[in-house]
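Numbering (this note's numbering), first residue to last: 4 to 222.
Data first, discussion second: the structure below is written as structure tokens.
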């Protein structure tokens with residue numbers, strides 16, 4: 004008995020379960036690779052922007068450069084939203100300091116939320132694959148074992164050699180379910196932690212940048 008021969012000789016329902024789980028596994032791995040590159044790039048770009056921002060760059064020039072560039076980092080887009088709102092509200096002579104700061108913070112929070120939503124995209128798919136795949140594999144196993152025992156009931160002589168192939172092919176469904184679920188769970192937990200760290204970084208930047216804007220507005 005080989006794994007491939009057991010899969011080929013399995014019942015149609017078990018084969019469909021295996022095919023579905025393998026498809027989910029392939030999609031999960033593709034998504035894991037894509038999101039790993041996305042989050043790695045987001046961290047690197049945010050670090051580069053913070054290095055430029057805290058390196059003494061002029062805010063007006065940094066804002067103008069960001070307007071000309073379309074592929075800025077998430078941190079830069081948060082800066083663009085906050086500083087753009089700050090300039091717009093400050094241009095109104097009757098604008099109060101509290102209104103200016105509240106508007107800037109709201110703009111930055113909205114931009115940060117959009118960035119986090121983009122970074123969290125498809126995380127729910129990984130969570131679903133991680134939680135559902137073992138049960139789908141278990142269904143295939145139960146169905147395969149039931150099918151094996153039905154065939155055993157029709158046999159004239161019940162031996163281990165008779166029932167072993169049916170049970171083995173059924174257990175492969177559970178193995179494939181775990182093969183699909185484990186990477187998805189690990190990927191989901193890792194990406195959720197990475198997004199949380201970026202969210203904390205965004206919050207810290209917004210608070211520090213708000214203090215800078217408040218000092219400028221008070222002049």
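For glycine and all other residues, C-beta sits at the position ideal for the given N, C-alpha and C.
*Residue span of the alpha helix (DSSP H) that contains residue 70, given as start and end*: Per DSSP, the continuous alpha helix (DSSP H) segment holding residue 70 begins and ends at 62–71.
_Could you compute how far the alpha carbon of residue 50 sits from the alpha carbon of residue 75?_
If I take the Cα positions, the gap works out to 12 Å.
*Between the segment 206–219 and the segment 125–143, do three or more beta carbon pairs fall short of 8 Å?*
Contact fails: fewer than three Cβ-Cβ distances are below 8 Å.
*With respect to the alpha helix (DSSP H) encompassing residue 75, which residues constitute its N-terminal and C-terminal limits?*
From DSSP, residue 75 is part of no alpha helix (DSSP H); its letter is neither H nor E.
*Which stretch, first to last residue, makes up the alpha helix (DSSP H) that contains residue 32?*
For residue 32, the uninterrupted alpha helix (DSSP H) run begins and ends at 15–56, by DSSP.
*Can you tell me the Cβ-Cβ gap for residue 194 and residue 38, rounded? I've got them flagged as a contact below 8 Å.*
The C-beta distance from residue 194 to residue 38 rounds to 5 Å, short enough to meet the 8 Å contact threshold.
*Using the Cα positions of residue 95 and residue 89, report the straight-line distance between them to the nearest angstrom.*
The straight-line gap from Cα to Cα measures roughly 10 Å.
*Classify residue 210 as helix, strand or coil using the three-state DSSP reduction.*
Looking at residue 210 - three-state DSSP - the assignment turns out to be helix.
*Under 9 Å between the Cβ atoms of residue 187 and residue 65?*
In this structure, residue 65 does not lie closer than 9 Å to residue 187 by Cβ.
*Please look up how many angstroms separate the CB atoms of residue 53 and residue 78, rounded, as I've assumed it's under 8 Å.*
Contact annotation, residue 53 with residue 78: C-beta distance approximately 6 Å; criterion of less than 8 Å satisfied.
*Between the CA atoms of residue 191 and residue 122 - distance to the nearest angstrom*: Going from the Cα of residue 122 to the Cα of residue 191 covers about 12 Å.
*Can you grab the Cα-Cα spacing for the pair residue 84 / residue 108, in whole Å?*
Approximately 9 Å between the Cα atoms of the pair.
*What first and last residue would you give for the alpha helix (DSSP H) that runs through residue 106?*
Secondary structure note for residue 106: its alpha helix (DSSP H) is the uninterrupted segment 100–122.
*Under 8 Å by Cβ, that's how I've got residue 184 and residue 132 pegged, so tell me the actual separation to the nearest angstrom.*
The distance from the Cβ of residue 184 to that of residue 132 is about 7 Å, consistent with a contact at the 8 Å cut-off.
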